[in-house]
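S.K.:
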Ligand SMILES: NC(=O)c1ccc[n+]([C@@H]2O[C@H](COP(=O)([O-])OP(=O)(O)OC[C@H]3O[C@@H](n4cnc5c(N)ncnc54)[C@H](OP(=O)(O)O)[C@@H]3O)[C@@H](O)[C@H]2O)c1
């Protein structure tokens, strides 16, 4: 019988930070479930070459009900007891960017469904459908500095990520002190300013602080997705994971 593997579920694995986190997790002893709306053939080839078992799923995570149903069925299909199981809530969007007077239902609701409601329902599915595993359970939400300090023009993103932070604290309040293996440790982690498509969207937008982001890029001051992902992968294995429930990878 093969040794039990550490199971990771990565949302938003097709591009940017999620793709880099997936690559960082391609080490022997892991298995990874990836989800996004689009495929990334280059990533899939890298995963295949690594020999690490990786499953790719297409799912629109702007729909919290189907997102939770999808995750539940993925977890129910796990037939080898894992050594640990970790949900990485990385998928996210930054738009709409603009003044609060221009917030409207058509863009605000899909934003909050993706960045907040689906992570919440997927966490619920994770808690329920991993309860049968006799192993450590962890949740890592990718937050933002904007959850903790407002950026004018980013009210939807700031509010959604701040609520995600509080949701993660709520998970800990309900689950952290339960006896093992029912206990769950959760962290909401800001990744720094990372050179991804999301940063390109930000540089193309109009808001008061946009020049700061254009200067960061022009002066080569963005973190690379690969380096950030390596640090996040190391963070996930820290014995004290969960002690600082709202954290920032730049502290390490
Ligand atoms: N980049 C930064 O500087 C920065 C800073 C702070 C926090 N963050 C956070 O880090 C996380 C990753 O951001 P990133 O910079 O890597 O962004 P990105 O390059 O835009 O990638 C976003 C990822 O999320 C997926 N996604 C978006 N909407 C989705 C949906 N409805 N259903 C399924 N998947 C969806 C995308 O895949 P598909 O398009 O294929 O669906 C993609 O894989 C986000 O939570 C973001 O808020 C980023």
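In the UniProt record's numbering, the protein residues as written are 1 to 252.
C-beta atoms are modelled at their ideal positions from N, C-alpha and C, and glycine is treated no differently.
Suppose the cutoff is 6 Å on Cβ atoms and the five residues either side in sequence are ignored; what does the same chain contact list for residue 125 look like?
M.R.: 68, 71 and 72
S.K.: Could you give the first and the last residue of the continuous alpha helix (DSSP H) run that contains residue 73?
M.R.: 64–76
S.K.: Could you give the DSSP three-state label for residue 194: helix, strand or coil?
M.R.: The three-state secondary structure of residue 194, taken from DSSP, is strand.
S.K.: To the nearest angstrom, how far is it from the Cα of residue 91 to the Cα of residue 18?
M.R.: 7 Å
S.K.: Buried or exposed: residue 153, going by 16 or more other Cβ atoms within 10 Å of its Cβ?
M.R.: Counting the other Cβ atoms within 10 Å of the Cβ of residue 153 gives 16 or more, which makes it buried.
S.K.: Going by CA-CA distance only, name the one from 56, 135 and 194 that's closest to residue 80.
M.R.: Among 56, 135 and 194, the Cα nearest to that of residue 80 belongs to 135.
S.K.: Tell me, to the nearest whole angstrom, how far the beta carbon of residue 193 is from that of residue 216; I am working on the premise that it is less than 8 Å.
M.R.: Taking C-beta atoms under 8 Å as the contact rule, residue 193 and residue 216 qualify, at a distance of about 6 Å.
S.K.: Rounded to whole angstroms, what's the CA-CA distance from residue 4 to residue 203? Just pull it up for me.
M.R.: 44 Å
S.K.: Work out the CA separation of residue 190 and residue 145 for me, nearest whole Å.
M.R.: 6 Å
S.K.: State the beta-bridge partners of residue 34 as determined by DSSP.
M.R.: 10 and 56
S.K.: I believe residue 89 touches residue 122 by the beta-carbon criterion, under 8 Å. Please report the beta-carbon distance rounded to the nearest angstrom.
M.R.: 7 Å
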